Each structure stands twice: as C-alpha cells, then as structure tokens.
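Going by the numbering used here, the sequence shown opens with residue 1, and the numbers climb by one from there.
Where is the CB? At the ideal position from N, CA and C, for every residue including glycine.
Note that the structure is a prediction, hence the values are computed from the model and not measured.
Reading through the structure tokens given below for one structure.
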Amino acid sequence: MTLDQLNHLDHAAFVATLGGIFEHSPWVAERVVAQRPFASVDALHGAMCAVVDDASEAEQLALIRAHPQLAGKAAIRNELTAASRSEQRGAGLDQCSPDEFTRITELNDAYQQRFGFPFILAVRGHGRDSIIANMAERLNNAPTHEHDEAL
C-alpha cells in the first residue's frame, strides 16, 4: 500500500491497517488518523512515536506490557503476531537449546519481577547469545531507564 492510499483510507481501515505497528495497541494509530495527510512515511512514524511519547504513564505501561516475552509462553502456544513470530524466528529464538531456553525463561521471569513488564529488545541483528547477554546486563538498570528503553 502506498502512502497516498493510506492517507485516503477511511478511519476504520486506517486503524485496522496500522493498528498492529505498536504491539496490540491500536490506540496509537487511532490518535494519528486525524493528522492526515502525512507527507512521508517518516512523518507518519514521527507522529506515531509522538503519540506514544505524549501518552500517559498508564498508557505507556499498557503498551509495554502488551509486548510478548522473547521465547516466552505466547511463542510456545503459537500466539504471537506474525511480525513478532518473524522477528523472534529471525533471531533464532525458535531454535533454542534446552539450556538457552531455560536461561531465557529465568531472565524473562527475573526481568518481569524487577520491572513489572517484559524485556523488550529489537532483536534484528541479534543472535541468541547476544539477546541473553542483553537480558542479563539490563537487569542491572534503573526502572526508569528500562521503561524508556522499552518504549
């Protein structure tokens, strides 16, 4: 779909098309629909990011909490969105050894316990070892840092 076509969609179709960009958070697309037409994809992206930045703390936390754990229960039950499934597969998270899976599960649990939301990392360009190292390292960060990192 072209940007011009996106700019001309009706309200519901626009939200349906872009509602999944921020995991299970169509309210982001809902809030930018009135800002059309967008002059560029970068302008659209910037508008969506501004909505997230300007959202209330509760809305931001809900957005973060809507994100699935890496190699977590949703992946095991095959409940990931197509984008999340593809992203995790690309990082090799669907091919974890038993030891890697155990370690990721432990780190997911520790991270969730410490921060109250799932560990989020754009895994493109990362392998399992890099992801595990990031998870372990970020457990030492301050909660405010991790909140900002997750967004």
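If we ignore side chains and look at the alpha-carbon of each, how far apart do L61 and A71 end up?
Numbered from its first residue, the sequence shown carries residue 61 at position 61. Numbered from its first residue, the sequence shown carries residue 71 at position 71. Going by the C-alpha atoms only, they are around 21 Å apart.
For a test of the three-state rule: what should DSSP assign to T102, helix, strand or coil?
Start at 1 with the first residue of the sequence shown, and residue 102 comes out as number 102. Under the three-state reduction of DSSP output, T102 falls in the helix class.
Below 8 Å, can you find three or more Cβ-Cβ pairs linking the region 13 to 20 to the region 51 to 59?
no
Looking at P68 and P118, is the spacing between their C-beta atoms short of 8 Å?
In the sequence shown, residue 118 corresponds to position 118, counting from 1. In the sequence shown, residue 68 corresponds to position 68, counting from 1. Yes, the Cβ-Cβ distance between P118 and P68 is below 8 Å.
May I have the straight-line CA-CA distance separating A142 from A47, to the nearest angstrom?
Start at 1 with the first residue of the sequence shown, and residue 142 comes out as number 142. Start at 1 with the first residue of the sequence shown, and residue 47 comes out as number 47. A straight-line Cα-Cα distance of about 28 Å links A142 and A47.
Quick one: using the 10 Å Cβ neighbour count with 16 as the cut-off for buried, is R124 buried or exposed?
To locate residue 124, count along the sequence shown from 1; it is residue 124. With fewer than 16 Cβ atoms within 10 Å of its Cβ, R124 is classed as exposed.
Among S25, A34, Q113, H11, whose alpha-carbon lies nearest the alpha-carbon of L151?
Translated into positions along the sequence shown, residue 151 becomes position 151. When C-alpha distances from L151 are compared across S25, A34, Q113, H11, the shortest belongs to S25.
Can you tell me where the alpha helix (DSSP H) holding I21 begins and where it ends?
Here residue 21 refers to the residue found at position 21 of the sequence shown. Premise fails: I21 is in no alpha helix (DSSP H) and is neither H nor E.
By Cβ distance, which residues of its chain are closer than 7 Å to F101, with the 5 residues on each side in sequence left out?
Within the sequence shown, numbered from 1, the residue matching residue 101 stands at position 101. Result list for F101: A71, in chain order.
Tell me whether T135 is buried or exposed, calling it buried when 16 or more other Cβ atoms sit within 10 Å of its Cβ.
Taking the first residue of the sequence shown as 1, we reach residue 135 at position 135. Checking the sequence, you will find Met at residue 135 rather than Thr. Per the 10 Å Cβ criterion, buried.
Quick one, which of T2, P98, L107, R128 has its alpha-carbon nearest E87's?
What you label residue 87 is simply residue 87 of the sequence shown in a count that begins at 1. With distances taken between Cα atoms, E87 lies closest to R128.
Using only the alpha-carbon positions, how far apart do C49 and P98 sit?
For the purposes of this step, residue 49 is identified with residue 49 of the sequence shown, where counting begins at 1. For the purposes of this step, residue 98 is identified with residue 98 of the sequence shown, where counting begins at 1. Spanning the two alpha carbons is a distance of roughly 37 Å.
What whole-angstrom Cβ distance do I120 and A91 have, given they're in contact under 8 Å?
By one-based count along the sequence shown, residue 120 stands at place 120. By one-based count along the sequence shown, residue 91 stands at place 91. In fact, because the Cβ distance is near 13 Å, the residues do not count as touching under 8 Å.
Rounded to a whole number of angstroms, what is the C-alpha to C-alpha distance between G116 and E137?
The residue you call residue 116 lines up with position 116 of the sequence shown. The residue you call residue 137 lines up with position 137 of the sequence shown. If I take the Cα positions, the gap works out to 17 Å.
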